[in-house]
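Report on the following structure.
Residue numbers (my numbering), protein chains in the order written: chain A, 1 to 442; chain B, 1001 to 1460.
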């Protein structure tokens, strides 16, 4: 027996001993304290700052009304595209909005193409809304749709939107005001789940979108640390986007683009704000299986981008120290390392610890996470929520939420393994195989 | 005796590739008109210019009826006034000219009346049409250049005259070109369609979109909801964020800016740009614009009028026009059904290939042949019988008070008609006969028109 295994046995024996529980607690607790608590505090402080700033700000009337081009990537959404287009027509933004629905694989997706063709923009009712549909007969993937749209877009601001996402009518005006500042190359928008009560999976996701995405992006955005400009809903300055070469092939083109924009942070002193008032409503996966497959892709793509594709970009000289540390902590540690630690702790505890100890430990951890969740939910309801009545009902799910997050962390580890050993990103459904095959391998 | 070769002149700049013996070249219209009239004229010039020359030539008595071909592109004036594209082969020109010449020689003097001039022009060439031409400069949008050219100094209303000609069976309707709507007062087609207020007919109306708040049910004009770039219900002060979940657009209203009336559908008025009067669209006069061609009866008329054989041919059989014959037949059917005997009989004759053979024979021999055919038919037909021709090939004889036995006699006499077709030059013609005796051979609910259609299909 090797000395390594011997040592492991020894360690496990100690844990199983009379003082094992406190040892384990101490082993866990610092980790939590060192990383997760500062993160939560930073987010909450950011939210507080945002709230205070918003409360005290003087309403400003601006004459900045650039033309906005919305590239709407469509595939098999069918009639849902019309809802998206209508919600864009309905924007209260006083400037011009150009809507460019790009139907990918239009030969196959006749229903979507017909929905786009049949959509009529009433020039009297919507005088400043322009529809310029593009049919891409051959399927080429999301990236090709976005770049095709970009090549024809004429607006100063370009938005990348999903065909199944509809928007609140103040979305464009809320987003556009950030671009008045020339140091803003991109703005992130917020997504809400449209089909909240379609199943328990969608309800859990609705809460997750509110707490882990909406709330934490407000907090992070306040410190210029927004980790990702969502692919379903992001806005960019067109000149900047063209300068950095538009979207790049491979999956997770949104995170890829965010990372590439961030690599100019240090040199050009840029910032990416998050706009909580710009809200898009999207359909979340309804069944558990669809949901897990989506996350398998998302979490696997994280590994692919951070470790394989952009490992040279993650450099304080490019990103600046705050973003570098943030990516190191939240990108690498939280999203790549922590899932494994949690996963292995859980497994270890399940097999090694006696029943009572296990129960006590889990209850303790659960209570800690519950506390954080309640805190965040309370903050969200009091300071942030724009639809408090609707969000209130999601409070029922707060007790289950820590368990859901634990489960998701474990699944993240599976996704990572899938990417590590199977190169899962290469079987993405975001682009056809004949496109992915030609992409540079990392 | 006609000259063996037509005298052909070419008017234009380019020397034609046609290799014709008697080809004289003119560059100026005046030079051409100064010399003796040519039989065939070729216009070698761009379509737009050729159209103008054609409309000039068709007003001149000397070139009014002549064959004039365009060698280059054709505009709609060329199509309406000319004889089409110039044939490539010289022999083709000659063949067409011979047909024309044969008929033209029958015109002993130039027709004096406008009506005769148009009919003669159409009759002189096969497949000729009175073509409608779209011209934005005339108030009715369409004009008939041929009629204008042949009118000389007469004032004619083309549309009314054409309707009259169709009524009299001389012309028949061709392709429907367009349907135009005209002002009922001044007949102009220059109309402007405008939306006006339903209450006070004012022009100054505006679309006013309304919103419907889902929270409190308030419905109001969109302006009352817009506050500082966000939609806020003026009744319950709720933010309206997303169409479909917070609010919708229940209706599209119009508001009159002069009388403040609200209405859903604006009234449409057609305002005439010429006389300035307004009308509702259903008050407008709709007119169908068509091309016209010579009808069967018109062709007969030309043959009769322009040759001295007037009152001959089938005319001697006192033919009834289509509608009259149908009515007579329907009446006989009713009589036969109600008071069964005496019955009546009907004979249908079809001269297969008659029109083709006639055009092969040429005018003179064709006339002679039809004369002999009409003679034979007259021998068979009795004073009390009534005849009609539905087309050139079909000939119908109705025999009142004739039962199956009587019909047999007539049929025997008619069989001698077929003997005419034994001559070699008319051997292409064959005769098909069908007979019917009422009321036993009638179908239920059948009237004259249906009966003839049924018999005609059996003769096919």
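Note that CB positions come from ideal geometry on N, CA and C, so glycine has one too. Quantities reported herein were computed from a predicted structural model and do not represent experimental measurements.
Under a Cβ-count criterion, where at least 16 other Cβ atoms within 10 Å of its own Cβ denotes burial, should residue i be classed as buried or exposed?
i, result
"residue 1285 of chain B", "exposed"
"residue 1445 of chain B", "exposed"
"residue 197 of chain A", "exposed"
"residue 1453 of chain B", "exposed"
"residue 291 of chain A", "buried"
"residue 245 of chain A", "exposed"
"residue 208 of chain A", "buried"
"residue 442 of chain A", "exposed"
"residue 1095 of chain B", "exposed"
"residue 98 of chain A", "buried"
"residue 437 of chain A", "exposed"
"residue 373 of chain A", "buried"
"residue 297 of chain A", "buried"
Tell me the DSSP bridge mates of residue i?
i, result
"residue 1379 of chain B", "Residue 1379 of chain B pairs with nothing; no bridge assigned."
"residue 1040 of chain B", "B:1008, B:1067"
"residue 1348 of chain B", "B:1396, B:1434"
"residue 167 of chain A", "A:280"
"residue 431 of chain A", "The partner list for residue 431 of chain A (beta bridge, DSSP) is empty, contrary to what the question assumes."
"residue 189 of chain A", "A:275"
"residue 1026 of chain B", "B:1011"
"residue 104 of chain A", "A:136"
"residue 70 of chain A", "A:99, A:159"
"residue 1205 of chain B", "B:1256"
When you compare each of the options to residue i by their alpha carbons, which one comes out closest?
i, options, result
"residue 426 of chain A", "A:350, A:305, A:382", "A:305"
"residue 1441 of chain B", "B:1179, B:1171, B:1343", "B:1343"
"residue 1437 of chain B", "B:1460, B:1402, B:1279, B:1167", "B:1402"
"residue 1177 of chain B", "B:1167, B:1183, B:1031, B:1130", "B:1130"
"residue 1274 of chain B", "B:1138, B:1323, B:1353, B:1368", "B:1138"
"residue 1214 of chain B", "B:1228, B:1030, B:1201, B:1236", "B:1236"
"residue 55 of chain A", "A:384, A:431, A:436, A:428", "A:384"
"residue 63 of chain A", "A:95, A:293, A:43", "A:95"
"residue 1004 of chain B", "B:1376, B:1101, B:1421", "B:1101"
"residue 1388 of chain B", "B:1425, B:1331, B:1326, B:1202", "B:1326"
Compare the C-beta of residue i against all C-beta atoms of chain B and say whether one is closer than 8 Å.
i, result
"residue 422 of chain A", "no"
"residue 80 of chain A", "no"
"residue 281 of chain A", "yes"
"residue 162 of chain A", "no"
"residue 65 of chain A", "no"
"residue 86 of chain A", "yes"
"residue 391 of chain A", "no"
"residue 195 of chain A", "no"
"residue 173 of chain A", "yes"
"residue 90 of chain A", "yes"
"residue 165 of chain A", "no"
Do we get a CB-CB distance below 8 Å when we pair residue i with the residues of chain C?
i, result
"residue 124 of chain A", "Among the protein chains of the structure shown, namely A and B, there is no chain C."
Are the C-beta of residue i and some C-beta of chain A separated by less than 8 Å?
i, result
"residue 1205 of chain B", "no"
"residue 1268 of chain B", "no"
"residue 1244 of chain B", "yes"
"residue 1231 of chain B", "yes"
"residue 1209 of chain B", "yes"
"residue 1119 of chain B", "no"
"residue 1241 of chain B", "yes"
"residue 1226 of chain B", "yes"
Tell me, please, whether the region 389–401 of chain A touches the region 271–282 of chain A by the rule of three or more beta-carbon pairs shorter than 8 Å.
no
The region 106–123 of chain A in contact with the region 1230–1250 of chain B per 3-pair CB rule at 8 Å:
no
Is the number of C-beta pairs between the region 415–430 of chain A and the region 90–100 of chain A that are closer than 8 Å three or more?
no
Count the C-beta pairs between the region 238–250 of chain A and the region 164–182 of chain A that are closer than 8 Å, then say yes if the count reaches three, no if not.
no
Should the region 1426–1437 of chain B be called in touch with the region 1343–1358 of chain B, which here means at least 3 C-beta pairs below 8 Å?
yes
When the Cβ atoms of the region 1197–1217 of chain B are set against those of the region 1259–1266 of chain B, are three or more pairs found closer than 8 Å?
yes
I'd like to know if the region 39–47 of chain A and the region 213–224 of chain A are in contact, where contact means that at least 3 CB-CB pairs between them fall below 8 Å.
yes
Could you tell me whether the region 1077–1084 of chain B touches the region 1164–1178 of chain B, where touching means 3 or more Cβ pairs closer than 8 Å?
no
For the pair the region 112–126 of chain A and the region 68–83 of chain A, tell me if three or more CB-CB distances fall below 8 Å.
yes
Counting pairs of beta carbons, one from the region 1109–1123 of chain B and one from the region 1020–1035 of chain B, are three or more of them closer than 8 Å?
By the Cβ rule, the region 1109–1123 of chain B does not count as touching the region 1020–1035 of chain B, because fewer than three pairs are nearer than 8 Å.
Report yes or no: do three or more beta-carbon pairs, one from the region 185–194 of chain A and one from the region 265–277 of chain A, lie closer than 8 Å?
yes
Are there three or more Cβ pairs, one per stretch, closer than 8 Å when the region 1142–1159 of chain B is compared with the region 1084–1093 of chain B?
With a cut-off of 8 Å, the region 1084–1093 of chain B and the region 1142–1159 of chain B do not count as touching, because too few Cβ pairs lie within range.
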